[in-house]
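Encoded as C-alpha cells, the structure appears first; notes follow it.
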Amino acid sequence: MRASGIEWRALVLSLCAASLLGWGVFSGATPGMAEVFLVGAAAAVAACVAAVLVGAPRLGRAGLAVVAAVVCLVALAALSLTWSIAPDRSWDAVNLGLASLAFLVLGALVSAAGGRWGARVTLVAISAVVVAALVWALAGVVVPALFPEGDRIARLREPLGHAPALSLLAGALLPVAGSLLTQRPVARSLGTLLAYGAVVTVMLTQSRAGVIASVVVVALWAALAGEPILRIARLLPAVVPAVVVGALAFTQSALVEDGSARADREDAGVLFAIVALVGAAIAVGLELRLPVERI
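For what it's worth, the working numbering labels the leading residue of the sequence shown as 1, then goes sequentially.
In C-alpha cells, the structure reads:
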C-alpha cells in the first residue's frame, strides 16, 4: 500500500462507509424503522466529514444523472406528503430516500479520496458487507433456526428483514462479479461464486422486482463498460447453474411455502445445501474452461 495521506484517508473513509452499510444491513433497517433514520443521519455526517477532508468529487455526466435522479425521487416522496392518504408511509419513503442519497454522496466522496485506488478499496469493502449478508441469508435456508421466523416464513429476507430489499442488494453484486471474470483464475473463480450466489439469492427472495432490477443492472453495466455481449456471455457459466439450482429449490415446497413443518424445512435445507455446492462447483468449472479475453 502506498502511504500517501490521501490514500490513508480513502482507506479510513472506505471502512467507515462499509461499517455504516453493515449497520444498516445487519440491523434489519427497513422502511418504517428508526434504524433507517439513524443510519441515514450517520451517513450524512460521514459525508460532511468526507467533504471537508477531500473536497467536492468530480462527477461525470452519468454520475450527475444518478444524483439528480435520486434527488428528484426524494423530492417527489416529500411532495407526496401533501396529498398522501398514508402520510406516515410517505414519510418513511422520504427517510429512506434521504438515507440513500447520503450513502450515494458518501460513496462518491470516498471514491474521490484516492482516485482509482480509493474506488477499488471502497468497492472491496462494500462488496464484503454485501457478500456477508448473502451468505447469512443462504445459511438460513439450510438452518432455519438461524432466523427468528425461519420456521414460518419461506422467502429469503434476513438479515434485512425485507425480501425485495435483499434481492436488490444481491442484484447489485452482479456487476462486481462480472468485472472479475476477465482477470486471473482466482479472481474469475471468485467472480463466478459471487454471481452464482447473487442469482440464487434473488430467486429465493421470490421478488419479481429483484429479478427485473438485476436484469436492468446487468444490462446497464454491460452497456456502459463496453463489449456488452461478451460481458453478459461471461456471466452465463454462473447464471445458468444458479437458475437450475433455484428452480430445483422451487420443487421443494418446504423451501418456498410459508408454514411448513420445521423437520421438513430442515431436510429440504440439507438437500438444498448439497445441490447448491454441486452447482457452485459446476459453475466454477465451466468458467475456468473458458478462454480469458481481457476487456
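Positions of the beta carbon are idealized from the N, C-alpha and C atoms, including for glycine.
Keep in mind that this is a model prediction, so the values were computed, not measured.
Could you tell me the distance, in whole angstroms, from the CA atom of Ala51 to the CA atom of Leu11? 15 Å
Which full runs of the alpha helix (DSSP H) of 4+ residues lie inside the region 118-202, going along the chain? 163-171, 174-179
When you compare only the Cα positions, how much space is there between Cys48 and Val54? 10 Å
Distance CB(Val275)-CB(Ala249) smaller than 9 Å: yes
Top-ranked residue by Cα proximity to Ala242, from Gly197, Ala233, Thr251, Arg231: Gly197
Under the three-state DSSP convention, the category Ser207 falls into: coil
Enclosing alpha helix (DSSP H) for Asp88 [first to last residue]: 87-113
Please classify Ala56: does DSSP put it in a helix, a strand, or coil? coil
Chain-order list of residues whose beta-carbon lies under 7 Å from that of Val202 (same chain, five-residue window excluded): Ser167, Ala170, Gly171, Gly210, Val211, Ser214
Pull up the distance between the alpha-carbon of Met1 and that of Leu138, whole angstroms please. Its pLDDT being 43, under 50, Met1 is placed unreliably in this model, and the coordinates cannot settle the point.
Taking the C-alpha atoms as reference points, what is the distance between Ala3 and Arg9? Residue placement at Ala3 is flagged as unreliable, the pLDDT there being 46, under the threshold of 50; the coordinate-derived value follows with that caveat. Each residue's alpha carbon lies about 10 Å from the other.
Label Glu158 either buried or exposed according to how many other C-beta atoms from any shown protein chain fall within 10 Å of its C-beta, with 16 as the threshold for buried. buried
Does DSSP put Glu227 in a helix, a strand or coil? coil
The region 72-81 contacting the region 35-48, beta-carbon criterion three pairs below 8 Å: no
CB Thr192 to CB Val284, shorter than 9 Å? yes
Take Val110 and list the residues in its own chain whose beta-carbon comes closer than 7 Å to its own, dropping the five residues that flank it on each side. Ala10, Leu13, Ser14, Ala17, Ala50, Gly118, Thr122
Sufficient close CB pairs (3 or more, under 8 Å) joining the region 141-155 to the region 181-189: no
Give the secondary structure of Trp221 by DSSP, where H, G and I count as helix, E and B as strand, and everything else as coil. helix
Considering only the alpha carbon of each residue, which of Val124, Ser207, Val216, Arg289 lies closest to Val256? Ser207
Where the alpha helix (DSSP H) through Ala62 begins and ends: 61-79
Mark Arg289 as exposed unless 16 or more other C-beta atoms lie within 10 angstroms of its C-beta, in which case mark it buried. exposed
Kindly indicate which three-state DSSP category Ser27 falls into: helix, strand or coil? coil
Can the beta-carbon of Trp221 be found less than 9 Å from the beta-carbon of Arg231? yes
Determine, using beta carbons only, whether Asn95 and Phe26 come nearer to each other than 9 Å. no
Closer than 8 Å: Val143 CB and nearest the ligand MG heavy atom: With respect to the ligand MG, the structure offers nothing, as it holds no ligand at all.
Please name the residue, chosen from Ser84, Phe147, Pro175, that lies closest to Leu225 on a Cα-to-Cα basis. Note that residue 225 corresponds to Ala in the displayed sequence, not to Leu. Checking every option, the nearest Cα to that of Ala225 belongs to Pro175.
Under 7 Å Cβ to Cβ from Ala163, same chain only, skipping five residues before and after it: list those, please. Arg155, Leu156, Arg157, Thr205, Gln206, Ser207
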